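Worksheet: the structure to be examined is printed underneath.
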Amino acid sequence: MGRVALVTGGSRGIGAAISKALKAAGYSVAANYGGNDEAAQKFKAETGIPVYKWDVSSFEACSEGIKQVETDLGPVEVLVNNAGITRDAMLHRMKPEQWTAVINTNLGSLFNMCRPLIEGMRARKFGRIINISSINGQKGQMGQTNYSAAKAGDIGFTKALAQESAKAGITVNAICPGYINTEMVQAVPKDVLEKAILPLIPTGRLGEPEEIARVVVFLASDDAGFITGSTIAANGGQYMA
Ligand code: CAA
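This note's numbering runs 122 ahead of the 1-based position in the sequence shown.
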């Protein structure tokens with residue numbers, strides 16, 4: 123069996139493509155999911171990848187969930203922090219719950235997942251941590267003060283942990299997808315997507331989840347051992363940081 127990889131939000135959208143690509147590359151994959159049982163069971167039946175339900179915004183839930191995964195599959199050597207939500211609203215209409223939900227799920231989850239796993243990775247002198255940030259954490263996005271703040275935070279977290287972990291053989295990198303063809307982007311009002319977003323993408327199309335998954339597989343590989351603390355954009359040229 124290959125290395126164990128754990129993907130949060132791994133049963134839908136970009137996460138599902140990441141789980142499948144890692145399995146195809148020989149990893150023993152566990153896919154965490156937050157709430158959609160039906161989608162998770164369908165994903166499991168189609169892929170044979172085991173699914174684990176817990177809320178990544180809870181430290182206790184992450185600790186318990188990781189314990190279960192490690193009991194079932196062995197020590198996690200590759201962690202992909204992919205789980206994320208949107209609660210878009212202009213700040214002047216944003217409710218505190220919309221702010222808190224996005225910060226806790228999209229940023230708090232990095233602490234909640236990495237903290238229980240980092241000691242084992244340090245002891246084994248190997249680890250790959252890949253954080254899925256966003257173009258909107260790099261450039262900001264109207265209607266997304268919560269999401270942009272969390273995703274920018276993911277980049278800072280990545281750089282700090284990369285410095286702490288390099289000598290222990292652990293790489294920590296962030297990927298910033300642009301607008302990818304998933305339910306999250308399909309939920310953007312159609313006129314906004316067509317008039318305000320698509321025209322800004324030089325490739326003239328949305329990205330596909332598999333185009334992010336291939337970056338993850340590379341970063342997880344031994345070949346990527348010298349890449350750490352980096353922020354890799356995959357956005358069709360929409361933003362060049
Ligand atoms: N870029 C540029 N202009 C935008 C915009 C965007 N992303 N979103 C909205 N606008 C414009 C609208 O076209 C509209 O312009 P006009 O007044 O000229 O018609 C104006 O802003 C106000 O928009 P709404 O009438 O929709 O105002 P609202 O208060 O009802 O909603 C909103 C505002 C919450 C921002 C809503 O428009 C929205 O959800 N926009 C999409 C925001 C977005 O891009 N979210 C990304 C989700 S995908 C994702 O997050 C994945 C990822 O990592 C990339």
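Idealized CB from N, CA, C, for every residue including glycine.
Since the model is a prediction, treat every value here as computed from it, not as a measurement.
Note that the stretch 245-258 does not touch the stretch 217-224; fewer than 3 beta-carbon pairs, one per stretch, sit closer than 8 Å. In the three-state scheme derived from DSSP, where H, G and I count as helix and E and B as strand, Arg246 is classed as helix.
The Cβ atoms of Cys184 and Met243 lie no closer than 8 Å to each other. For a cut-off of 8 Å, the C-beta gap from Val129 to Val202 is around 4 Å, short enough to register as a contact. Judged by pairs of C-beta atoms under 8 Å, the stretch 326-334 touches the stretch 134-141, as three or more such pairs exist. Restricted to the stretch 128-191, the beta strand (DSSP E) segments that are unbroken, complete and at least 3 residues in length are 150-155 and 173-175, listed in chain order. Here the alpha carbon of Ser255 sits roughly 7 Å from the alpha carbon of Pro299. For Met306, the shortest separation between its Cβ and any heavy atom of the ligand CAA lies below 7 Å. DSSP, read as helix, strand or coil, puts Leu328 in coil.
Non-local C-beta neighbours of Ile240 in its own chain, meaning closer than 6 Å and more than five positions away in sequence, are absent. For Glu199, the enclosing beta strand (DSSP E) begins and ends at Val198 to Asn203.
Between Ala167 and Lys175, the beta carbon gap of about 16 Å keeps them out of contact (Cβ cut-off 8 Å). In the DSSP secondary-structure assignment, Gln266 is bridged to Ala211.
Checking the DSSP bridge columns, you'll see Ile319 has no partner listed. Assigned with DSSP and collapsed to three states, Ala356 falls in strand. Looking at the backbone, the Cα of Pro197 and that of Thr325 are separated by about 40 Å. Asp276 sits buried, since 16 or more C-beta atoms from the chains shown fall within 10 Å of its C-beta. Taking 7 Å as the cut-off, one finds at least one heavy atom of the ligand CAA near enough to the beta carbon of Tyr269. Considering only Ser352, Asn154, Ser133 and Thr304, the residue with the shortest C-alpha distance to Lys164 is Ser133.
Less than 8 Å divides the Cβ of Ala284 from the Cβ of Gly351. Look at Ala284 here: in three-state DSSP terms it is helix.
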